[in-house]
Amino acid sequence: MAMKLPSTFSLAGIPFGVEYLRALDADFLMGLVYQLMDYAPLVPLKSPDESLKTTERILKIVVDNSPGLSQAYFILARCLFLHSDWDAADRMIEECLQKNDTIADAYLLRAEIKLMKGHVADADSCLNTGLSFNFSVRDSSLFHLIKAKVHKHEAEHVMSEALEQWKGKPEEQQLLLMNAQLHVSKGDVDGALAILNTVQPGQPNYNAARIKMAEIYLEEKRDKSMFTVCYRELLKSAPTPATYALLGDAYMSVQEPEKAIEVYEMALKMQSKDMALTEKIGEAYVLCHLYSKAVNFYESVMNSTKDKRMRLKLADLLHRLGNTEKCMRILRQPLDEEPNPTDPTTISAHVQYLKLLSEVQFAGGKHTEALSDLKEILCSQAEIYSNAHDHRMVIECYKEALTYYETDIKTILALASRYMNINRLAECKQMCEMALAIDRNNDEATLANHSLNQAGVYWFQMVADMLYTNNDTDKAIVHFAQLLEKYPS
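Numbering follows the UniProt record's numbering, with no gaps: position 477 of the sequence shown is 477.
Shown next, in the form of structure tokens:
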């Protein structure tokens, strides 16, 4: 389910305060979240869900700006759980309970996560802890479901009670899925399939039931034919891009990439800007050994969308095919067009390009160029850490970059500047003196692509400022005098 986020999120020009919070309108956003959660799956998925991704984006903005809304943390934990991100969900529940330890559903969700990880005793402990804070935990159907798994010898009795208690209610659909899984855990695979087969098209949990059936056919019965039949039934009931993609994924998982390509292309016709689908088609071409088609496909998409992932996919394929010259040209183009990016997304993309470029050059015996690329990667990573104000990691990246290229003036100067910013004056002085020594020995080599005057002024001024800050006035005066003598203008 695709959804365009409201204009509420265009808050860049408003300073944080009362007006900002009024414009954000957390109550309205939470209302959107509750509506979106009506479309959320009932059990964890193996592939991303659009409604969940949209919900997560909204909730992250809410919790960042209104950290007191404990319910927002819980629903975000639920979204992460449904995306099978157990650890992130568990951390979010912890934050939720720190703000409000009476939310019964949080303990139930934590117990579910523990069960998914196979920690049965921990799941039981979560339920007991929840009961000690809020007796209403017992009123949930999920409480009984989890207890059924924790105490297997009582499972059938507890499950029958739960099914009877919530018969005809929305919870019954989730109970059916859990009951089927209970039969699988007991080895009753046919019983599980019979239960799931009772869910018909049009019922809320039909998709989840068919996906579960497909999983049972493949993993328990090793029946690839019935596995794909389940997904074809899904497509028949709802011919959407998502169901086409699911069927394509199913074909890929049973090593039928030719059929997967056909299905993916149908999905792409319905949703032409879906880069995830595009990647899957390219991967399917490669699996079919249709390398020329894969190269042409990636290149066409890259040129039409300017997508960074497509560029990386194309370059990687060219590298594997031994087309080194074209691979390097594809990777170098964005680096040359934007040599000094500032936004984290572009910097991250450049890091990926440089990593692959260094691999290609090492493989081709161009060790010096490869080391230079590795240095650039570390400098780019330093920029990302700088945006996050992580001074320690910025320094580590620059220092490691210098191990690949010891005389790189730009890196030495960047490291000196960072030391100055955090008042580590001794290290700053050491870096400045190293830069000045290199400059005196070989101006042309060390100041490539930099203005000699600008670099010299900057270094002398940095040393002088540092000395003055460190109460070394006499030496500071000497450096300022040298600066005026060398650069009188």
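Even for Gly, the Cβ is constructed at its ideal location relative to N, Cα and C.
Check the Cβ-Cβ distances between residue i and every residue of chain B, and say whether any is below 8 Å.
{"i": "GLU359", "result": "Annotation note: the requested chain B is absent from the structure, which comprises a single protein chain."}
Which first and last residues belong to the alpha helix (DSSP H) in which residue i is found?
{"i": "ASN179", "result": "171 to 185"}
{"i": "ARG329", "result": "324 to 337"}
{"i": "ASN303", "result": "291 to 305"}
{"i": "ASN207", "result": "206 to 219"}
{"i": "PRO257", "result": "257 to 270"}
{"i": "residue 507", "result": "Because the chain is modelled from 1 through 489, residue 507 falls outside the range shown and cannot be assessed."}
{"i": "ASP64", "result": "50 to 65"}
{"i": "ASN421", "result": "409 to 421"}
{"i": "ASP249", "result": "241 to 253"}
{"i": "ALA77", "result": "70 to 82"}
{"i": "ASN352", "result": "According to the sequence as given, residue 352 is Gln; it is not Asn. Its alpha helix (DSSP H) spans residues 344 to 363."}
{"i": "ASN197", "result": "189 to 197"}
{"i": "SER237", "result": "224 to 237"}
{"i": "HIS391", "result": "391 to 404"}
{"i": "PHE143", "result": "141 to 150"}
{"i": "ILE281", "result": "275 to 287"}
{"i": "VAL18", "result": "18 to 24"}
{"i": "ALA388", "result": "From DSSP, ALA388 is part of no alpha helix (DSSP H); its letter is neither H nor E."}
{"i": "ASP316", "result": "308 to 321"}
Let me make sure I understand the geometry here. Which of the options has the alpha-carbon closest to that of residue i?
{"i": "LYS99", "options": "ALA88, GLU258, ILE75, GLN71", "result": "GLN71"}
{"i": "ARG309", "options": "LEU331, CYS288, LYS169", "result": "LEU331"}
{"i": "ASP38", "options": "VAL254, ALA437, GLU50", "result": "GLU50"}
{"i": "TYR264", "options": "ARG392, VAL254, LEU246", "result": "LEU246"}
{"i": "PRO201", "options": "ARG232, LEU218, VAL184, LEU21", "result": "ARG232"}
{"i": "ASP101", "options": "LEU76, ALA123, LEU131", "result": "LEU131"}
{"i": "TYR298", "options": "LEU318, ASP249, PHE28", "result": "LEU318"}
{"i": "ALA401", "options": "ILE377, LEU142, GLU369", "result": "ILE377"}
{"i": "GLN381", "options": "LYS366, THR368, LYS399, LEU127", "result": "LYS399"}
{"i": "LEU415", "options": "VAL394, ALA426, THR407", "result": "VAL394"}
{"i": "GLY364", "options": "THR342, ASP390, ASN323", "result": "ASN323"}
{"i": "SER140", "options": "HIS119, GLU112, ALA121, LYS117", "result": "GLU112"}
{"i": "LEU36", "options": "GLU279, LEU52, CYS432, PRO170", "result": "LEU52"}
{"i": "GLY187", "options": "ALA208, GLU219, VAL120, GLU161", "result": "GLU219"}
{"i": "LEU291", "options": "ALA276, SER47, ASP316, VAL351", "result": "Here residue 291 turns out to be Tyr, not Leu, going by the sequence shown. TYR291 has its Cα closest to that of ASP316, out of ALA276, SER47, ASP316, VAL351."}
{"i": "LEU287", "options": "SER304, GLN203, ALA260", "result": "ALA260"}
{"i": "PRO204", "options": "SER386, LEU182, ALA238, TYR405", "result": "ALA238"}
{"i": "VAL120", "options": "ARG110, VAL150, ILE93", "result": "VAL150"}
{"i": "PRO320", "options": "TYR385, GLN430, HIS289", "result": "Reading off the sequence shown, one finds Arg at residue 320, where the question assumed Pro. Nearest of TYR385, GLN430, HIS289 to ARG320, Cα basis: HIS289."}
{"i": "TYR404", "options": "GLN174, GLU369, PRO44, VAL62", "result": "GLU369"}
{"i": "ASP105", "options": "LEU176, MET159, PHE143", "result": "PHE143"}
{"i": "MET434", "options": "LEU268, THR411, GLU171, LEU314", "result": "THR411"}
{"i": "LEU59", "options": "ASP90, PRO44, LYS46, ASP27", "result": "ASP27"}
{"i": "PRO170", "options": "THR54, ASN128, LEU42, CYS126", "result": "LEU42"}
{"i": "GLU258", "options": "SER417, ILE347, TYR285, GLU406", "result": "TYR285"}
{"i": "GLN333", "options": "LEU193, MET213, MET302", "result": "MET302"}
{"i": "GLU283", "options": "ASP274, MET275, ALA294, LYS273", "result": "ALA294"}
{"i": "MET266", "options": "GLU256, GLN255, LEU235, ASN296", "result": "LEU235"}
{"i": "GLY31", "options": "LEU21, VAL62, LYS366, PHE16", "result": "VAL62"}
{"i": "GLN255", "options": "LYS429, LYS224, LEU45", "result": "LYS224"}
Item checked: Length at least 4, wholly inside the stretch 89 to 124: the alpha helix (DSSP H) runs in chain order -> Taken in chain order, the complete alpha helix (DSSP H) segments of 4 or more residues contained in the stretch 89 to 124 are 104 to 116.
Check: Are at least three pairs of beta-carbons, each pair with one atom in the stretch 129 to 136 and one in the stretch 164 to 182, less than 8 Å apart?
Finding: no
Check: On the three-pair Cβ rule with 8 Å, is the stretch 60 to 70 touching the stretch 82 to 89?
Finding: no
Margin query: Could you check whether the stretch 364 to 376 touches the stretch 337 to 345, counting it as contact only if at least three pairs of C-beta atoms, one from each stretch, sit closer than 8 Å?
Written below: no
Check: Given 8 Å as the limit, is there contact between the stretch 312 to 331 and the stretch 350 to 366, that is, 3 or more CB pairs closer than that?
Finding: yes
Next item on the list: May I ask you to verify whether the stretch 213 to 233 touches the stretch 245 to 259, counting CB pairs closer than 8 Å and requiring at least 3?
Entry: The stretch 213 to 233 is in contact with the stretch 245 to 259.
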